[in-house]
Amino acid sequence: MKIALGSDHGGLSLKDEIKGYLNSKNIEVYDYGTFTEDAVDYPDIAKPVCESVLAKQFDFGILVCGTGIGISIAANKIKGIRAACCSDGYTAKLTRSHNDANILCLGGRVIGPGLAFMIVDAFLGEQFEGGRHSLRIEKINRLEENGR
Ligand code: RB5
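Just so you know, the sequence shown maps onto residues 6 to 153 in our numbering.
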């Protein structure tokens, strides 16, 4: 499995913790930054991470900002991205099995590393169920195409 990672300054510390955690599990990670505490705009980080996932260079992306919300809103503007901001394992699991989410977003100022690792495990460990959920994804895709 290959994961694309990215954060703004608000998510830097948690992003780095997650990178270490994934490395310790021998999961391949590419870090799109940011790499310093200097302020950066989260849409500028969401873009390359999401594009690399859409290009199938990676299986999933993990994005971190202060709350996880801004970066998830930015990611969800990109066609084909289904980004879920999660603060618990249940939603992380279900957003894979029901929503076929391809990007996990986390809040570096909201949760600590221990909970984040559980959420990452729940997200990466789950498969999309398909079936009735596929029809709903198709409807999401139609909203993306023509807004209805
Ligand atoms: C940056 O200060 C902060 O606004 C950002 O990390 C995020 O929380 C936005 O949703």
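Beta carbons are placed, not taken as given, at the ideal position from N, Cα and C, and that holds for glycine.
This structure is a prediction, so every number in the text was calculated from the model and none was measured.
Helix, strand or coil at Cys91 according to DSSP, with G and I counted as helix: Walking along the sequence shown from the start, residue 91 turns up at place 86. Reduced to three states, the DSSP call for Cys91 is coil.
Return yes when the C-beta of Cys93 is under 7 Å from any heavy atom of ligand 1, and no when it is not. The count along the sequence shown starts at 1 and reaches residue 93 at position 88. Note that residue 93 corresponds to Asp in the displayed sequence, not to Cys. No, the beta carbon of Asp93 sits no closer than 7 Å to any heavy atom of ligand 1.
Within 10 angstroms of its Cβ, does Ile145 collect 16 or more other Cβ (buried), or is it exposed? Mapped onto the sequence shown, residue 145 falls at position 140. With fewer than 16 other Cβ atoms within 10 Å, it is exposed.
For ligand 1, is there any heavy atom lying closer than 7 Å to the beta carbon of Tyr47? As a working mapping, residue 47 is identified with position 42 in the sequence shown. Yes, the beta carbon of Tyr47 sits closer than 7 Å to at least one heavy atom of ligand 1.
What are the residues that DSSP puts in a beta bridge with Phe65? For this step, residue 65 is matched to residue 60 along the sequence shown. BP columns for Phe65 point to Ile8.
Name the one or two DSSP bridge partners that Ile112 has. For the purposes of this step, residue 112 is taken as residue 107 along the sequence shown, with counting starting at 1. It is Gly, not Ile, that sits at residue 112 in the sequence shown. DSSP lists Cys70 as partners of Gly112.
Regarding Cys90 and ligand 1, is the C-beta to nearest heavy atom distance less than 7 Å? Within the sequence shown, numbered from 1, the residue matching residue 90 stands at position 85. Checking every heavy atom of ligand 1 against the Cβ of Cys90, none is found closer than 7 Å.
Any non-hydrogen atom of ligand 1 within 7 Å of Ile50 CB: Within the sequence shown, the letter at position 45 stands for residue 50. At a threshold of 7 Å, Ile50 does not count as near ligand 1, since its beta carbon sits no closer than that to any of the ligand's heavy atoms.
For the putative contact between Ile67 and Val125, defined by C-beta atoms under 8 Å, what is the C-beta separation to the nearest angstrom? As a first step, residue 67 is located in the sequence shown; it is residue number 62 there, counting from the start. As a first step, residue 125 is located in the sequence shown; it is residue number 120 there, counting from the start. Right, their Cβ atoms sit about 7 Å apart.
Would you kindly work out how many angstroms separate the C-alpha atoms of Gly71 and Arg87, rounded to a whole number? For the purposes of this step, residue 71 is identified with residue 66 of the sequence shown, where counting begins at 1. For the purposes of this step, residue 87 is identified with residue 82 of the sequence shown, where counting begins at 1. Spanning the two alpha carbons is a distance of roughly 19 Å.
Kindly examine ligand 1 and report whether one of its heavy atoms sits closer than 7 Å to the Cβ of Thr72. Looking up residue 72 in the sequence shown gives position 67. Checking the Cβ of Thr72 against ligand 1 gives yes.
Going along the chain, which residues of its own chain have a beta-carbon closer than 6 Å to the beta-carbon of Ala106, five neighbours each way excluded? In the sequence shown, residue 106 corresponds to position 101, counting from 1. These residues qualify, in order along the chain: Arg87, Ala89 and Thr100.
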